[in-house]
Ligand SMILES: [Zn+2]
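Numbering (our numbering), first residue to last: 1049 to 1183.
See below:
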């Protein structure tokens, strides 16, 4: 940190009364508690075969608009991950990291495919623009 930056930080410090500081702290805490994550485009899945367990082969993501029966079904067991390509002499941590990266990439791919499907459905069937015009 440069000296000028440090000066700016020191200058920005506010030395109010304890009550003021306490009120500001409480306000910040309330604001943090009230902050909601942005609503997801894709609703939580339902499991037509019952919740949980190994019998749950399909996750169904249903359009939440009233009267609309459209849904995307996803196989909950998409099979093994593609073969790992690892350098010679890799460590168990490298293998673990590669498996995690593969699983994460697949989860991202699935989430993006679901978001694409919902975005298209909302646009084409419900004439909504879920991107908020940011497309
Ligand atoms: Zn719909």
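C-beta atoms are modelled at their ideal positions from N, C-alpha and C, and glycine is treated no differently.
When you compare only the Cα positions, how much space is there between residue i and residue j?
| i | j | result |
| --- | --- | --- |
| residue 1123 | residue 1095 | 11 Å |
| residue 1137 | residue 1145 | 15 Å |
| residue 1173 | residue 1110 | 14 Å |
| residue 1153 | residue 1175 | 31 Å |
| residue 1181 | residue 1164 | At residue 1181, the pLDDT of 49 sits below 50, so the modelled position is not reliable; the number obtained from the coordinates is stated separately. Approximately 15 Å between the Cα atoms of the pair. |
| residue 1051 | residue 1077 | 31 Å |
| residue 1157 | residue 1127 | 14 Å |
| residue 1053 | residue 1089 | 41 Å |
| residue 1155 | residue 1093 | 14 Å |
If you count every other CB in all the chains shown that lies within 10 Å of the CB of residue i, and 16 or more means buried, which is it?
| i | result |
| --- | --- |
| residue 1162 | buried |
| residue 1170 | buried |
Excluding the 5 residues preceding and the 5 following residue i in the sequence, name in chain order all residues of the same chain whose CB lies nearer than 8 Å to its CB.
| i | result |
| --- | --- |
| residue 1148 | none |
In chain order, what residues of the same chain lie with their CB nearer than 7 Å to the CB of residue i, ignoring the 5 residues before and after it?
| i | result |
| --- | --- |
| residue 1151 | 1129 |
| residue 1134 | 1142, 1143 and 1146 |
| residue 1104 | 1095, 1097, 1098 and 1124 |
| residue 1119 | 1108, 1109, 1110 and 1111 |
| residue 1091 | 1109, 1110 and 1112 |
Is residue i helix, strand or coil by DSSP?
| i | result |
| --- | --- |
| residue 1090 | coil |
| residue 1159 | helix |
| residue 1109 | strand |
Spatial neighbours of residue i within its chain, please: C-beta separation below 6 Å, excluding the five flanking residues on both sides.
| i | result |
| --- | --- |
| residue 1121 | 1106 and 1108 |
| residue 1167 | 1178 |
Beta-carbon distances below 6 Å to any heavy atom of ligand 1 define the shell here; list its residues in chain order, please.
1111, 1113, 1116, 1118, 1169, 1173 and 1174
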